[in-house]
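Asks: Let me begin by handing over the structure; questions about it come next.
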Amino acid sequence: MPRLLILSATLLTATLLSTASAKTEITFLYGLGGELGKAIESMIKDFNAAQNDVTVRGEFANTYEGVVQKALAGIAAGQPAGDVMQLEVAYVPRIAASGALVNLKALPGFQTSFNAFWPVFKTQVSREDGAVYSMPWNNSNPVLYYNPELLKKAGLSAPPRTYPELRVAARKITAATGVPAIALSSFPWVLEGAVWSNGGEMVDNGKLLLDQPAAKAVITDWAGFFRDGSAVLQSPNTRADFAAGKVAMLMDSVAGRPGLKASVPFKFGTAPLPYYKKPVVPVGGATLGISKGSSADKQQAAWTFIRWLAQPQQQFTWIKMSNYVPITRTTTNLPAYKTYVASEKGLEIGGQQLSYARPRPSTTGYVQGTQEIIKSLDRIFLQDAPIDATLSDLVQRTQPLFKDTK
Amino acid sequence: MPGALLELLRAAPYLLPALLIFVVFTYYPLARVLYLSLTDADMLSAPNWVGLANYRQLLADREFWSSLGITAVFAVGVTALEVGLGLALAFLMNARTRTQSLLRGAVFAPVVVSLAATAVIWNYLLNPNSGPVNRLLEGLGIAGPGWLSDPQTALASVILVAVWKGVGLPAVLFLAGLQGLPAELEEAAAIDGASRATIARRITIPLLAPTTVVVVFISLIGTFQSYGLVLLLTSGGPAGATNLLGYSIYQNAFVFFQMGLASALSVVLFALLLTLGIIQLKLAERRVHYQ
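Below, the structure is given as structure tokens:
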């Protein structure tokens, strides 16, 4: 009998010990490929090597849409596609509303982590009811990239700071060089900043406000660039055109720097995003959410991973690889970060713009509304569609999409 | 037990695996899409029955009609070019020349190129500022258009890329059809003094009618369902100029989460293809001369 007891006790102890030391394996579903995908895998590797409790397995979903598609399939199947998911900010409200994401506020150490973020990111992830379903991670804001040689040919020694300056500069550049001065986008990211900087709003009170004076003035001004031949529509070819000296300026994500550096054969300049009345920039990017369908230990492991990624040292490592902006003030204040941005001229602008940044609208209808905005702006910019009528029609057409917006 | 029933029972074990695959992967999804089209499904919450609301929304939406028109132009354009070019290429590939093998390989090669690679190649070739096509035109003193970025030329450009990618298959089908034709008919016509053009017009092409029906049918179905090329080349733009029904279904389902509406669009597309298929079969029965 005593032998049996000893054997049972030994087996029980061994089982408990093995359970205690077993690593929790979680899946991180992400949507960035190429160099950024490699950077994510590198971060995962670092995390797995840095501790003994959690093993993260990265799963590439091709795009942000791919993450959502897999997440939806997982929700439908009752089996989460990923324990941690990289969710583009605009998709979070809808997925959270379905109850598929964990409210992170209830998790240990939330407030400490949350307080460290720049205010713009706190606003970005906070819902109206106070819940927080995702944490900021890879965020950026747009900057102005320019070709100093082409500006010089037009007699310009510095990039334009405001849109009125940009308008004048654009005409000079096109006249002096024969190439379009700027690539403007119908995708409304940069437009959001321009409208806000002109004192307007994109969406409010359940309605798209692009037919209101402040927004209409911006769109009219932008249409002017196209009508006098100093702008082209931004497309997947724009970066190649910029590299080939076929367009003098473009407004794009600060996280686009590594790609530009690799492809542009000349020393390009980076400047803050132009503005109308006051500087405002939109921040975009993705946040990290935890699947509610994951088991409690996986949720805890996922939370450990998310908090680790937000630590200043990991942030700095991530920024060096990706050129995304720092999400916490502590990262911005790291001596190593300061030294790094001093050596990477232009990179600091993304961080500096955070003090006047605003999160992109993320109401449920805005994702679909965005597609309608793109079509309408394409028609105005490329087909000379009448501005007033097109914007009124756009607002009217998108009205049902914003019916849930408070 | 009647003989027919006995035969069916004997055949059942052999048919069952294939039948099971069809039921699980074709008939069930079809029935499910039909059901979802009558709901407000969004994959995030349980679908609610909305009756014909999705169909009413579609019929009242001018973007749907515009998309239908664009899809029709795309389908007819691609099919017409694939049939015409495919036939011409088949004649060339059938001719005994030194470059016969090379030509056959070159014509079929784009068919096996992946869609993503096709998009990368053509995005580069058709880049309005630095692409080789416009550079060539520039050398000839012609200002090239913004192929994929100009609403006037985007659909035509996508049609051309689709034809480049797809023409190899009809060409090979026509080639097989040509090689299956009885040589004596053409020889008899030649002895009677018919020119090569007359032989082609009066004998070869009519005899190829069964192949033509297959090619038209395959091409129309493929083009009506097409969305990948548009997704990669233009994302339905600029100004919605390339917003094919297939792309619209993808966008509603996986970008806007409107699975009910996307299902309704799919049912409309299915009905459209079914109608086209029936018309085509009826026409074929009357007009095609099978050997």
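The listed protein sequences derive, respectively, from chains A and B. Heads up, the first sequence is in our numbering, so the first residue is 1 and it goes up one at a time. Heads up, the second sequence is in our numbering, so the first residue is 1 and it goes up one at a time. Using N, Cα and C, we set each Cβ at its ideal position, and we do this for glycine too. As the structure is a prediction and not an experimental result, all values here were calculated from the model.
Taking DSSP's pairing of strands, which residues face Ala183/A in a bridge?
Replies: Walking along the first sequence from the start, residue 183/A turns up at place 183. Looking at the DSSP assignment, Ala183/A forms a beta bridge with Val232/A, Leu250/A.
Asks: Can you say whether Ile40/A is buried or exposed, counting buried as having 16 or more other CB atoms within 10 angstroms of its CB?
Replies: Here residue 40/A refers to the residue found at position 40 of the first sequence. Result: buried.
Asks: Rounding to the nearest angstrom, what Cα-Cα distance links Val218/A and Ala194/A in this structure?
Replies: By one-based count along the first sequence, residue 218/A stands at place 218. By one-based count along the first sequence, residue 194/A stands at place 194. Rounded to the nearest angstrom, the two C-alpha atoms are 7 Å apart.
Asks: How many Å lie between Trp318/A and Gln399/A at the Cα?
Replies: Position 318 of the first sequence, counting from 1, holds the residue named residue 318/A. Position 399 of the first sequence, counting from 1, holds the residue named residue 399/A. If I take the Cα positions, the gap works out to 40 Å.
Asks: Counting pairs of beta carbons, one from the region 177-186 of chain A and one from the region 238-250 of chain A, are three or more of them closer than 8 Å?
Replies: Touching, yes.
Asks: Just the Cα atoms here: how many angstroms apart are Val112/B and Val167/B?
Replies: Against the second sequence, residue 112/B aligns to sequence position 112. Against the second sequence, residue 167/B aligns to sequence position 167. Roughly 11 Å separates the two Cα atoms.
Asks: For a test of the three-state rule: what should DSSP assign to Ala49/A, helix, strand or coil?
Replies: If you number the first sequence from 1, residue 49/A lands on position 49. Of the three classes helix, strand and coil, the one that applies to Ala49/A here is helix, per DSSP.
Asks: Report buried or exposed for Lys38/A, applying the criterion of at least 16 other Cβ atoms within 10 angstroms of its Cβ.
Replies: The residue you call residue 38/A lines up with position 38 of the first sequence. Classification for Lys38/A: exposed.
Asks: Would you say Pro29/B reaches chain A, if we count a Cβ-Cβ gap shorter than 8 Å as a contact?
Replies: By one-based count along the second sequence, residue 29/B stands at place 29. No, because no Cβ of chain A sits closer than 8 Å to the Cβ of Pro29/B.
Asks: Looking at chain A, is there any beta carbon in it that lies within less than 8 Å of the beta carbon of Gly260/B?
Replies: Position 260 of the second sequence, counting from 1, holds the residue named residue 260/B. False, the Cβ-Cβ gap to chain A never drops below 8 Å.
Asks: Can you check whether the C-beta of Met93/B is within less than 8 Å of a C-beta belonging to chain A?
Replies: The residue given as residue 93/B occupies position 93 in the second sequence. No, no contact with chain A.
Asks: Could you say which of Phe187/A, Gln383/A, Ile373/A, Phe402/A lies nearest to Ala393/A if we only look at CA atoms?
Replies: Residue 393/A sits at position 393 when you count from the first residue of the first sequence. Reading off the sequence shown, one finds Asp at residue 393/A, where the question assumed Ala. Residue Ile373/A is the option with its Cα nearest to Asp393/A.
Asks: If you check the beta carbons only, do Gly240/B and Tyr227/B fall under 8 Å apart?
Replies: The residue you call residue 240/B lines up with position 240 of the second sequence. The residue you call residue 227/B lines up with position 227 of the second sequence. Result no, Cβ atoms of Gly240/B and Tyr227/B do not sit closer than 8 Å.
Asks: Taking any Cβ of chain B, which residues in the region 238-261 of chain A have a Cβ under 8 Å from it, in chain order?
Replies: The region 238-261 of chain A vs chain B, Cβ under 8 Å: Ala240, Asp241, Ala244, Lys246, Val247.
Asks: Exposed or buried, which one is Asp418/A when buried takes at least 16 other CB atoms within 10 Å?
Replies: Nothing can be reported for residue 418/A: it is not among the residues displayed for chain A, which extend from 1 to 406.
Asks: Of the residues that make up the region 150-167 of chain B, which ones have a beta carbon closer than 8 Å to any beta carbon in chain A?
Replies: From the region 150-167 of chain B, only Asp150, Pro151 have a Cβ closer than 8 Å to chain A.
Asks: If you count every other CB in all the chains shown that lies within 10 Å of the CB of Gly155/A, and 16 or more means buried, which is it?
Replies: By 1-based counting over the first sequence, the position of residue 155/A is 155. Exposed is the call here.
Asks: Within the 8 Å Cβ cut-off, does Pro145/B reach chain A?
Replies: For the purposes of this step, residue 145/B is identified with residue 145 of the second sequence, where counting begins at 1. False, the Cβ-Cβ gap to chain A never drops below 8 Å.
Asks: Hey, is Ser45/B's beta-carbon within less than 8 Å of any beta-carbon in chain A?
Replies: Residue mapping note: residue 45/B aligns to position 45 of the second sequence, counting from 1. It does; some Cβ of chain A falls within 8 Å.
Asks: To the nearest angstrom, how far is the alpha carbon of Gly224/A from that of Pro128/B?
Replies: Start at 1 with the first residue of the first sequence, and residue 224/A comes out as number 224. Start at 1 with the first residue of the second sequence, and residue 128/B comes out as number 128. Going from the Cα of Gly224/A to the Cα of Pro128/B covers about 21 Å.
Asks: Under three-state DSSP, which class holds Thr242/B?
Replies: Taking the first residue of the second sequence as position 1, residue 242/B is located at position 242. The answer is coil: DSSP assigns Thr242/B none of H, G, I, E or B.
Asks: Using three-state DSSP, classify Asn48/B as helix, strand or coil.
Replies: For the purposes of this step, residue 48/B is identified with residue 48 of the second sequence, where counting begins at 1. It is coil, neither helix nor strand.
Asks: Grab the span of the alpha helix (DSSP H) containing Ile199/B for me, first residue to last.
Replies: As a first step, residue 199/B must be located in the second sequence, where it is residue number 199. 196-199 is the span of the alpha helix (DSSP H), which, as asked, contains Ile199/B.
Asks: Quick one, are the C-beta atoms of Val68/A and Phe28/A less than 8 Å apart?
Replies: Along the first sequence, one-based indexing puts residue 68/A at 68. Along the first sequence, one-based indexing puts residue 28/A at 28. No, these two residues do not count as a Cβ contact at 8 Å.
Asks: Alpha carbon to alpha carbon, what distance is there between Ala77/A and Leu36/A?
Replies: Position 36 of the first sequence, counted from the start, is the residue given in the question as residue 36/A. Position 77 of the first sequence, counted from the start, is the residue given in the question as residue 77/A. Taking the straight line joining both Cα atoms gives about 29 Å.
Asks: At what residues does the beta strand (DSSP E) containing Gln86/A begin and finish?
Replies: Your numbering for residue 86/A matches position 86 in the first sequence. Counting along the chain, the beta strand (DSSP E) containing Gln86/A begins and ends at 84-88.
Asks: Consult DSSP for Val393/A and reduce its assignment to one of helix, strand or coil.
Replies: Position 393 of the first sequence, counted from the first residue, corresponds to residue 393/A. Note that residue 393/A corresponds to Asp in the displayed sequence, not to Val. Helix.
Asks: Are the C-beta atoms of Asn54/B and some chain A residue less than 8 Å apart?
Replies: Against the second sequence, residue 54/B aligns to sequence position 54. Chain A, which has no Cβ nearer than 8 Å to the Cβ of Asn54/B, makes this no.
Asks: What residues from the region 358-377 of chain A come within 8 Å of chain B, judged by C-beta to C-beta, listed N to C?
Replies: Going along the region 358-377 of chain A in chain order, one finds Val367, Gln368, Gln371, Ile374, Lys375 with a Cβ nearer than 8 Å to chain B.
Asks: Tell me whether the beta-carbon of Val120/A lies closer than 8 Å to the beta-carbon of Met135/A.
Replies: In the first sequence, residue 120/A corresponds to position 120, counting from 1. In the first sequence, residue 135/A corresponds to position 135, counting from 1. Not closer than 8 Å, so no.
Asks: Cutting at 8 Å between CB atoms, please list the residues of its own chain near Lys282/B, excluding the five before and the five after it.
Replies: To locate residue 282/B, count along the second sequence from 1; it is residue 282. Correct list: empty, nothing qualifies.
Asks: Throw me the rounded Cβ distance for the Val132/A and Lys105/A pair, which I believe falls under 8 Å.
Replies: Translated into positions along the first sequence, residue 132/A becomes position 132. Translated into positions along the first sequence, residue 105/A becomes position 105. Going by Cβ atoms, the distance from Val132/A to Lys105/A rounds to 5 Å, so yes, they are a contact pair.
Asks: Could you check where the alpha helix (DSSP H) with Arg127/A kicks off and where it finishes?
Replies: For the purposes of this step, residue 127/A is taken as the residue at position 127 of the first sequence. No alpha helix (DSSP H) holds Arg127/A; DSSP gives it neither H nor E.
Asks: For the region 108-122 of chain B, which residues have a CB atom closer than 7 Å to at least one CB atom of chain A, in sequence order?
Replies: Per Cβ criterion, the list is empty.
Asks: Can you check the region 238-326 of chain A for any beta strand (DSSP E) of at least 3 residues that lies completely inside it and give the ranges in chain order?
Replies: If we require 3 residues or more, the beta strand (DSSP E) runs fully inside the region 238-326 of chain A come out as 249-253, 269-271, 281-290.
Asks: Going by DSSP, name the residue or residues bridged to Phe28/A.
Replies: On the first sequence, residue 28/A is found 28 positions in, with the first residue counted as 1. DSSP, once it has assigned bridges, lists Gly58/A, Val84/A as partnering Phe28/A.
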